[in-house]
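Visitor:
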Amino acid sequence: MEAIPARARAYVACVALGALLCLLPLPFLHTPWWAVALLAALYAGCEQITRWRALGTFYPVLLAGAFLLPPPAAALVAVPGALLSPVAGRPRTPRRIWRAAELVVAVWAAARVHWALGGRDAVVASDFPYALLPALAAVLAFCLVLSVLDGGILAFAERVPVRRAWRGLFLRSLAPIGVHGLVGLMMAVLWRSPYGPFAALLVLLPMCVSAWVFAQYHRERAAHQATIRALVQAVDIKDGYTRGHSERVGHASTMIARELGMDDERVEVLRFAGILHDVGKLGVPTRLLRKDGPLTPEERRVIELHPEYGHEMVRGIAFLGEARAAVLHHHERLDGSGYPYGLVGTQIPECARVVAVADAFDAMTSTRSYRRARPVAVALEELRRCAGAQFDPRMVEALVRALARHGWHPAVTAGEEPRVTPPAESRLGARR
Numbered sequence: 215m216e217a218i219p220a221r222a223r224a225y226v227a228c229v230a231l232g233a234l235l236c237l238l239p240l241p242f243l244h245t246p247w248w249a250v251a252l253l254a255a256l257y258a259g260c261e262q263i264t265r266w267r268a269l270g271t272f273y274p275v276l277l278a279g280a281f282l283l284p285p286p287a288a289a290l291v292a293v294p295g296a297l298l299s300p301v302a303g304r305p306r307t308p309r310r311i312w313r314a315a316e317l318v319v320a321v322w323a324a325a326r327v328h329w330a331l332g333g334r335d336a337v338v339a340s341d342f343p344y345a346l347l348p349a350l351a352a353v354l355a356f357c358l359v360l361s362v363l364d365g366g367i368l369a370f371a372e373r374v375p376v377r378r379a380w381r382g383l384f385l386r387s388l389a390p391i392g393v394h395g396l397v398g399l400m401m402a403v404l405w406r407s408p409y410g411p412f413a414a415l416l417v418l419l420p421m422c423v424s425a426w427v428f429a430q431y432h433r434e435r436a437a438h439q440a441t442i443r444a445l446v447q448a449v450d451i452k453d454g455y456t457r458g459h460s461e462r463v464g465h466a467s468t469m470i471a472r473e474l475g476m477d478d479e480r481v482e483v484l485r486f487a488g489i490l491h492d493v494g495k496l497g498v499p500t501r502l503l504r505k506d507g508p509l510t511p512e513e514r515r516v517i518e519l520h521p522e523y524g525h526e527m528v529r530g531i532a533f534l535g536e537a538r539a540a541v542l543h544h545h546e547r548l549d550g551s552g553y554p555y556g557l558v559g560t561q562i563p564e565c566a567r568v569v570a571v572a573d574a575f576d577a578m579t580s581t582r583s584y585r586r587a588r589p590v591a592v593a594l595e596e597l598r599r600c601a602g603a604q605f606d607p608r609m610v611e612a613l614v615r616a617l618a619r620h621g622w623h624p625a626v627t628a629g630e631e632p633r634v635t636p637p638a639e640s641r642l643g644a645r646r
C-alpha cells in the first residue's frame, strides 16, 4: 500500500495518540525498570525470530508483562519490538507506528483489567484457580481491543465494507491468543516464584518449538498450494479455450458452500475442489480437447476418463480431503446417467454436487468463441429446470440465494483462436 488514504492516516494518528496517553504516567511509576527492560528485550527478540520465520506475532511475553507490571509499564514492553520488527509492504514506518500503537493500547487494556480484578495479588501469591479469572478477563480485553482496532484499519485503509470489516475477527483470534495468555500466566507466576525470571523464560521453549512445528505445517501447505496453481496453469495452457474457468468454478463453489452454512475449513476445501475439478484434462490427448469434428464413441469414452485421471493426480495431497471426491464425481448426475460410475442421488458426495452446479453455471455464463455467454438469469433458470434429474436442488437454490446477495461478474475467456464449432469437452452435453 504505497499511498495511505487520508482517513486511514487520521485513524492511525488517533490510535497513536491513545497509545501516548496510555504511556503518559510512566515518569510517575514506581516499578522495577529492569523487569520492563528485560521483558521488552525478550519480546523484541521473539518478534525478530517469529516474523523472520513467518510464525506470526508472539504474545506470551506481552501478556506476561500485563500480569506482572502496572498498565503503563506493561504497555511500554511492546514498543521496541513493534518498532523494530520486520513488516510486509510499504510504507514501513507508518506500519510500524500502527503496530506499536495498537499493541500499546491492547496491552494497557489487558493490564488495566487484570489489575482492577486483583490479578496481580493472585499472581504474587500463586493463588490458583483464582488467578485464572483475572487472567481470562485480561486476555478477553486484549483480544477485543485488537479485534476492534484491526477491523478499523481494514475499513479505513483496505476499504473493506464496514459490515464485513469486523466480522469474525474476535472469534478467530480468541483461541490462539487464549493459548498465548495461558503461557503468559505461567511465565508471570514463575517470575514471582523463588525460581525467578530464569524459570519464567524456560516456559517459552516449548512454545517456540510448537510455533516452529506449526510454521512447518503451513510451509508444507503453501507448497501444496503452489503445486495446485501449477496444475491449473498447465490445464489452462493445454485447453486455453476455457482459461480462467477453474478459478471461477472455485469461486462459485465457495459461494454455494457459505450459503449452505459450511465452516471455513470446508469452504476452503470446496474452493480447491472447484479449482481442481478439471485437472484430469492433463491426461486427455490435446487433439481430442480441441477437435472440431464430431467425437467418435471411443473418443468420448477417453474424454470421460478425465475425472479419474484428476483423482489419481490429487489423491496424494492429504489436506485436500473431500475435494478429491469432488474431482472424481463432479460429472455424476442425480438420475444415475452421469459418469464415471453412474452414482445416484445422495450416493454422490456432497462436495461433488456443489462443484457440479458451479461448473455448469460458469460454463453457461462464460463467453466462448462459438457462442455468447448466457445471462445469469437464463443460466439459473436452466439449472432449476435440471434440478432433481442432473443437479441437487439444494445446491441450485443455494447458488441462487448467493447470487441474489452478492451478484456475479463472470470473466470473459480470452486469448484463444476463434472456432466455428465447440471443442470436444464442451460438446459432452449442453447442460454438462
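Using the numbering used here, the first residue of the sequence shown is number 215, and each one after it goes up by one. C-beta atoms are modelled at their ideal positions from N, C-alpha and C, and glycine is treated no differently.
1. Starting from Arg223, follow the alpha helix (DSSP H) in both directions and report where the run begins and ends.
2. State the DSSP-derived secondary structure class of Val337, mapped to helix, strand or coil.
3. State the DSSP-derived secondary structure class of Asp549, mapped to helix, strand or coil.
4. What separation, rounded to the nearest whole angstrom, lies between the Cα atoms of Arg334 and Phe281?
5. If we cut at 8 Å on Cβ distances, does Gly550 have a partner in chain B?
6. With DSSP run on the structure shown, which of helix, strand or coil describes Phe342?
7. Going residue by residue through the stretch 581 to 614, where are the continuous alpha helix (DSSP H) segments of at least 4 residues, counting only ones entirely within it?
8. His394: which of His328, Pro274, Val291, Ile470 sits nearest, CA to CA?
9. Thinking Leu597 and Val571 are a contact (beta carbons under 8 Å), I'd like their distance in whole angstroms, please.
10. In or out: Leu548 buried (at least 16 other Cβ within 10 Å) or exposed?
11. Give, in chain order, every unbroken run of the alpha helix (DSSP H) that is at least 4 residues long and sits entirely within the stretch 291 to 378.
12. By a C-beta neighbour count over all protein chains shown, 10 Å radius and 16 as the cutoff for buried, is Val226 buried or exposed?
13. Let's test the definition: count the other Cβ atoms within 10 Å of the Cβ of Trp248 and tell me whether it reaches 16, buried, or not, exposed.
14. Is DSSP giving Val558 helix, strand or coil here?
15. By how many angstroms is the C-alpha of Gly559 removed from the C-alpha of Arg567?
16. For Ala389, which residues of its own chain have a beta-carbon under 6 Å away from its beta-carbon, when the five flanking residues on both sides are left out?
17. Is the Cβ-Cβ distance between Leu346 and Val291 less than 8 Å?
18. In chain order, what residues of the same chain lie with their CB nearer than 8 Å to the CB of Arg221, ignoring the 5 residues before and after it?
19. Keeping to the same chain, check which residues put their C-beta closer than 7 Å to that of Val338; ignore five residues upstream and five downstream.
20. Helix, strand or coil for Tyr658 per DSSP?
21. Grouping DSSP H, G and I as helix and E and B as strand, with all else coil, what is Ala268?
22. Using the three-state DSSP reduction, which class does Gly507 fall into: helix, strand or coil?
23. Pull up the distance between the alpha-carbon of Ala233 and that of Pro343, whole angstroms please.
24. Can you give me the C-alpha to C-alpha distance between His465 and Ile531, rounded to a whole angstrom?
25. Sorted by chain position, which residues of the same chain lie with C-beta nearer than 7 Å to Arg435's C-beta, five sequence neighbours on each side aside?
26. In whole angstroms, give me the CA-to-CA distance for Ala268 and Ser551.
27. Is Val498 helix, strand or coil when you go by DSSP?
28. Is the CB-CB distance between Ile218 and Pro308 below 8 Å?
29. If we count Cβ pairs, one from each stretch, closer than 8 Å, do we get three or more for the stretch 486 to 499 versus the stretch 511 to 524?
30. For Trp266, is the classification buried or exposed, using 16 other Cβ atoms within 10 angstroms of its Cβ as the cut-off for buried?
Guide: According to the structure data:
1. Residue 223 sits at position 9 when you count from the first residue of the sequence shown. Its alpha helix (DSSP H) spans residues 220 to 237.
2. Position 123 of the sequence shown, counted from the first residue, corresponds to residue 337. When secondary structure is reduced to three states using DSSP, Val337 falls in the helix class.
3. Here the question's residue 549 lines up with position 335 in the sequence shown. The three-state secondary structure of Asp549, taken from DSSP, is strand.
4. Numbered from 1 along the sequence shown, position 120 holds the residue referred to as residue 334. Numbered from 1 along the sequence shown, position 67 holds the residue referred to as residue 281. Near 6 Å, if we compare the C-alpha coordinates of Phe281 and Arg334.
5. In the structure shown, chain B cannot be found, because there is only a single protein chain.
6. Here residue 342 is taken as the residue at index 128 of the sequence shown, counted from 1. If DSSP states are grouped into helix, strand and coil, Phe342 belongs with coil.
7. 590 to 600
8. For the purposes of this step, residue 394 is taken as the residue at position 180 of the sequence shown. Checked all of His328, Pro274, Val291, Ile470; the closest Cα to His394 is Pro274.
9. The count along the sequence shown starts at 1 and reaches residue 597 at position 383. The count along the sequence shown starts at 1 and reaches residue 571 at position 357. At roughly 6 Å, the Cβ-Cβ gap stays under 8 Å, so Leu597 and Val571 are in contact.
10. Along the sequence shown, read from residue 1 onward, the residue named residue 548 stands at position 334. Under this definition Leu548 is a buried residue.
11. 292 to 298, 306 to 330, 333 to 338, 346 to 370
12. Counted from its first residue, the sequence shown places residue 226 at position 12. Val226 comes out buried.
13. As a working note, residue 248 is residue 34 in the sequence shown. When all chains shown are included, Trp248 counts as exposed.
14. Residue mapping note: residue 558 aligns to position 344 of the sequence shown, counting from 1. Strand.
15. Numbered from its first residue, the sequence shown carries residue 567 at position 353. Numbered from its first residue, the sequence shown carries residue 559 at position 345. When rounded, the distance between both Cα atoms is 9 Å.
16. In the sequence shown, the residue the question calls residue 389 occupies position 175. Excluding sequence neighbours, Ala389 sits near nothing in its chain.
17. Looking up residue 346 in the sequence shown gives position 132. Looking up residue 291 in the sequence shown gives position 77. Taking 8 Å as the Cβ cut-off, Leu346 and Val291 do not qualify as a contacting pair.
18. Sequence index remark: in the sequence shown, residue 221 carries index 7 (1-based). Around Arg221: Phe370.
19. Taking the sequence shown and counting its residues from 1, the one referred to as residue 338 is at position 124. Closer than 7 Å at the Cβ level, and outside the excluded window around Val338, lie Arg406.
20. Limits of the chain in this structure are 215 at one end and 646 at the other, which puts residue 658 out of reach.
21. Taking the sequence shown and counting its residues from 1, one reaches residue 268 at position 54. Caution is warranted here: a pLDDT of 47 is assigned to Ala268, below 50, making its placement in the model unreliable, and the coordinate value is therefore given only provisionally. Three-state result, Ala268: coil.
22. By one-based count along the sequence shown, residue 507 stands at place 293. Here Gly507 sits in coil by DSSP.
23. The sequence position of residue 233 within the sequence shown is 19, counting from 1. The sequence position of residue 343 within the sequence shown is 129, counting from 1. Approximately 32 Å, taken between the alpha carbons.
24. Locating residue 465 in the sequence shown gives position 251, counting from the first residue. Locating residue 531 in the sequence shown gives position 317, counting from the first residue. When rounded, the distance between both Cα atoms is 21 Å.
25. For the purposes of this step, residue 435 is taken as the residue at position 221 of the sequence shown. Phe533.
26. Start at 1 with the first residue of the sequence shown, and residue 268 comes out as number 54. Start at 1 with the first residue of the sequence shown, and residue 551 comes out as number 337. Model confidence at Ala268 stands at a pLDDT of 47, short of 50, so the residue's coordinates are unreliable; what they give is reported in the following sentence. Our two residues, Ala268 and Ser551, have alpha carbons roughly 49 Å apart in a direct line.
27. Working through the sequence shown from its first residue, we reach residue 498 at position 284. DSSP places Val498 in coil when its eight states are reduced to three.
28. Indexing the sequence shown from 1 puts residue 218 at position 4. Indexing the sequence shown from 1 puts residue 308 at position 94. It is a contact, given that the beta carbons lie within the stated cut-off.
29. Two segments are said to touch when three or more pairs of C-beta atoms, one from each, lie closer than 8 Å; by this definition the stretch 486 to 499 touches the stretch 511 to 524.
30. On the sequence shown, residue 266 is found 52 positions in, with the first residue counted as 1. The pLDDT assigned to Trp266 is 49, lower than 50, so where the model puts this residue is not dependable; a value taken from the coordinates is nonetheless given after this. Burial call: exposed.
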